Amino acid sequence: MKVFNTLSGKKETFQPQGSEVKIYVCGVTPYDECHLGHAMSYIIFDVIRRYLRFRGYKVRYVQNVTDIDDKIIERANQRGVPAAELAGQYTESFFRDMDALGIERADVYPYATGEIDKITEVIQGLIDKGHAYPAGGSVYFRVKSCPGYGKLSRRNLESMMTSCSIEMGKEKEHPMDFALWKAAKPGEPYWESPWGQGRPGWHIECSAMSLKYLGDSLDIHGGGQDLIFPHHENEIAQSECFTGVEPFVKYWLHNGMVQFGEEKMSKSLGNLITIKDALEKYSADALRVFVLSSHYRSPLTYSEAAIEAAVGGVERLARVLRRDDQTGGKGEALDAEPYRKQFTEAMDDDFNTPQALAVLFDLASAINQAADSGISFQDAKEALFSLKRDVFGLKRRDVVITVPTAQIEVRGFAPTVYVSVQPTPEVEVRVERLVEERAKCRDAKDWQRADKIRSRLAELGIVLEDTSRGAKRIWERSPAVESLNSLLAELGITLEDNT
RNA sequence: GGCGACGUAGCCAAGUGGUUAAGGCGGCGGUCUGCAAAACCGCUAUUCACCGGUUCGAAUCCGGUCGUCGCCUCCA
43 MKVFNTLSGK KETFQPQGSE VKIYVCGVTP YDECHLGHAM SYIIFDVIRR
93 YLRFRGYKVR YVQNVTDIDD KIIERANQRG VPAAELAGQY TESFFRDMDA
143 LGIERADVYP YATGEIDKIT EVIQGLIDKG HAYPAGGSVY FRVKSCPGYG
193 KLSRRNLESM MTSCSIEMGK EKEHPMDFAL WKAAKPGEPY WESPWGQGRP
243 GWHIECSAMS LKYLGDSLDI HGGGQDLIFP HHENEIAQSE CFTGVEPFVK
293 YWLHNGMVQF GEEKMSKSLG NLITIKDALE KYSADALRVF VLSSHYRSPL
343 TYSEAAIEAA VGGVERLARV LRRDDQTGGK GEALDAEPYR KQFTEAMDDD
393 FNTPQALAVL FDLASAINQA ADSGISFQDA KEALFSLKRD VFGLKRRDVV
443 ITVPTAQIEV RGFAPTVYVS VQPTPEVEVR VERLVEERAK CRDAKDWQRA
493 DKIRSRLAEL GIVLEDTSRG AKRIWERSPA VESLNSLLAE LGITLEDNT
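Residue numbering for the first sequence follows the numbering used here, starting at 43 and increasing by one per position.
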């Protein structure tokens, strides 16, 4: 397996340091709703985690929640609520979004406010070693004490000094020194510390939490490319100076940014689409496929057309999985092994999800061909299903019931497919009655009436596809009983009993 | 200004030295069907932003030009 390491700028052979892969992924600062940028990052690292497990690794996955920060305080003040309340509200919202997107929960979610002891321990350690100094109730990291500073983002102090907007802080020894601990201003939330009342600086919580929950040296640290500098650069400085252990992180993985039109989607630009808004329109599977259809290190440009294409792809994969053709008479079976191998090769090459996805589509085509020619495809179908579920986290599996449960005699036994719906018996019995009526009309060659039933049912969310075994019913929604009653009345059909 | 990434069909997007340039979406034609839908078959980039160079051979390597984006300040 090869992964692209930001630190070296190259693809490297992946070799975890211990028996389990230790992954830390930068989480959220909960002061607002999460948007598609977060979705992209967390979907990708979810898939990386799933793939590592698929390849037989044990994985320990930690993601922080930075629940105290300048932005939280600012937003809370605007709204006149306590910072902790605001953070709590958006943290809950974050978890709802993650669950809705089918992102597996991390093993640990440490909160910055819950780790003040570890944070102060690290800060004190840095002071003791001469890497940090208190000033005016705050504590700053002394960048000049860290010879490797800039190695991740490939920049040096001199070049940074020439860039535009660096102002000399009154308290800081060097303009690039950054806060480990911030003295509380009046009215701000604070914690007690050896340097007075205050709160952690932005970068220190990630160092403290990863050291506490994963040890001095992790295998993978992930996040968006916008975190490379200063956040991850500073994390390396803090952690390596504190522990003396190098490397703090063996493989740094960074995903590209979601673009909205011509620029990055971000909170500060306000050009964002929240995860909740996206999920109103598209399924989690569609959003996942949209993200996975381009490489994680490339920018991902948001467009309705691109997500619609993903919707189509998700449908294609779903349809092939609901095929239940009777096959096997020829004694041949489709072998999924070559596809599994190609899939693994693609993913082994720095998680090439677009290529791996293409393999799934190839497998889908092969299954359709096999089914059409009477070759057994059950094993291949299982392989497709497990790859898409276990590695890509695509959850949709339609419920297929081949024998109608309703107490109405229906000609033929074409499958009934429920797409995330569970109709009531009252609804089901009416639909079955309409399907039966249509079958009679078709026998009588009353195409007009038959097509009317089909198109009206489609409007109500039930698609009919004629097969040699009768009409296959695909329930995309469950209609209201009243709608069905009025359709029955319009057609002059009465139900035999009182159901 | 400094650092980095990118420019492949109508759209999205793999491929980074060598047989016919993956795959998805869309479109067109065909098979099947009463008609659809689905599925299948065929077609949809003689060409990879542009110009030079290296090479027996380049979308892939090198130089230049144009264009786009990210980071350098809070950001996934």
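Glycine included, each C-beta is placed from N, C-alpha and C at the ideal position.
Every value quoted in this text rests on a predicted model; they were computed, and no experiment measured them.
Which of helix, strand or coil DSSP assigns to residue i
i: residue 207; result: In this prediction, residue 207 scores a pLDDT of 46, lower than 50, which makes its location untrustworthy; the coordinate-derived value is nonetheless stated afterwards. Coil, per DSSP.
i: residue 362; result: helix
i: residue 337; result: coil
i: residue 255; result: helix
i: residue 219; result: coil
i: residue 190; result: coil
i: residue 508; result: strand
i: residue 65; result: strand
i: residue 214; result: coil
i: residue 152; result: coil
i: residue 47; result: strand
i: residue 442; result: strand
i: residue 516; result: strand
i: residue 375; result: strand
i: residue 330; result: helix
i: residue 59; result: coil
i: residue 417; result: coil
i: residue 463; result: coil
i: residue 525; result: helix
i: residue 530; result: helix
i: residue 322; result: helix
i: residue 431; result: helix
i: residue 357; result: helix
i: residue 4; result: Outside the displayed range of the chain (43 to 541) lies residue 4, so it cannot be described from this structure.
Bridge-paired residues (DSSP) for residue i
i: residue 457; result: Per DSSP, none; premise fails for residue 457.
i: residue 225; result: 240
i: residue 197; result: According to DSSP, which records beta bridges pairwise, residue 197 is partnered with nothing at all.
Segment limits, alpha helix (DSSP H) that includes residue i
i: residue 414; result: 395 to 414
i: residue 23; result: Beyond the ends of the chain as shown, which are 43 and 541, falls residue 23; an answer cannot be given.
i: residue 537; result: Looking at the DSSP string, residue 537 is not in any alpha helix (DSSP H), and its letter there is neither H nor E.
i: residue 492; result: 489 to 501
i: residue 161; result: 158 to 170
i: residue 467; result: 467 to 485
i: residue 428; result: 420 to 428
Residue range of the beta strand (DSSP E) that includes residue i
i: residue 180; result: 180 to 183
i: residue 52; result: 52 to 55
i: residue 342; result: 342 to 344
i: residue 174; result: 174 to 177
Any non-hydrogen atom of the ligand PLP closer than 8 Å to residue i Cβ
i: residue 279; result: Only the bare structure without any ligand can be found here, which leaves the ligand PLP out of the picture.
- In the stretch 69 to 144, which residue ranges form an unbroken alpha helix (DSSP H) of at least 4 residues, counting only runs that do not cross its ends? For the stretch 69 to 144, the full-length alpha helix (DSSP H) segments reaching 4 residues or more read 78 to 96, 112 to 121, 125 to 142 along the chain.
- Message: For the stretch 185 to 192 against the stretch 143 to 150, do three or more pairs of beta-carbon atoms, one drawn from each stretch, fall closer than 8 Å, so that the two count as touching?
- Response: By the Cβ criterion, the stretch 185 to 192 is not in contact with the stretch 143 to 150, since fewer than three pairs of Cβ atoms, one from each stretch, lie closer than 8 Å.
- Query: Quick one: any contact between the stretch 288 to 295 and the stretch 72 to 84, if contact means 3 or more CB pairs under 8 Å?
  - Reply: no
- Query: If we count Cβ pairs, one from each stretch, closer than 8 Å, do we get three or more for the stretch 195 to 203 versus the stretch 260 to 280?
  - Reply: yes
- Task: Starting from the N-terminal side, write out each stretch of the alpha helix (DSSP H) that is 4 residues or longer and does not extend beyond the stretch 229 to 317.
- Result: 246 to 256, 275 to 285
- Task: Decide if the stretch 349 to 368 is in contact with the stretch 83 to 102; the criterion is three or more beta carbon pairs, one per stretch, under 8 Å apart.
- Result: no
- Inter-stretch contact (C-beta, 8 Å, three-pair minimum) for the stretch 236 to 249 and the stretch 152 to 163: yes
- Inter-stretch contact at 8 Å, needing at least 3 Cβ pairs: the stretch 330 to 344 / the stretch 371 to 380: no
- Message: Pairs of beta-carbons, one from the stretch 494 to 512 and one from the stretch 468 to 478, closer than 8 Å: are there three or more?
- Response: yes
- For the stretch 258 to 272 against the stretch 124 to 137, are there 3 or more C-beta pairs whose distance is under 8 Å? no
- Taking contact to mean at least 3 C-beta pairs separated by less than 8 Å, is the stretch 99 to 115 in contact with the stretch 49 to 66? Touching, yes, given that three or more Cβ pairs across the two stretches are closer than 8 Å.
- Task: Examine the Cβ distances between the stretch 230 to 243 and the stretch 179 to 187 and report whether three or more of them are shorter than 8 Å.
- Result: yes
- Query: Is it true that the stretch 108 to 115 meets the stretch 392 to 411, where meeting means three or more beta-carbon pairs spaced less than 8 Å apart?
  - Reply: With contact defined as three or more Cβ pairs closer than 8 Å, the stretch 108 to 115 and the stretch 392 to 411 are not in contact.
- Would you call the stretch 83 to 90 and the stretch 432 to 442 in contact, with 3 or more CB pairs under 8 Å? yes
- Hey, is the stretch 384 to 393 in contact with the stretch 458 to 470, meaning 3+ C-beta pairs nearer than 8 Å? no
- Message: Pairs of beta-carbons, one from the stretch 46 to 60 and one from the stretch 317 to 327, closer than 8 Å: are there three or more?
- Response: no
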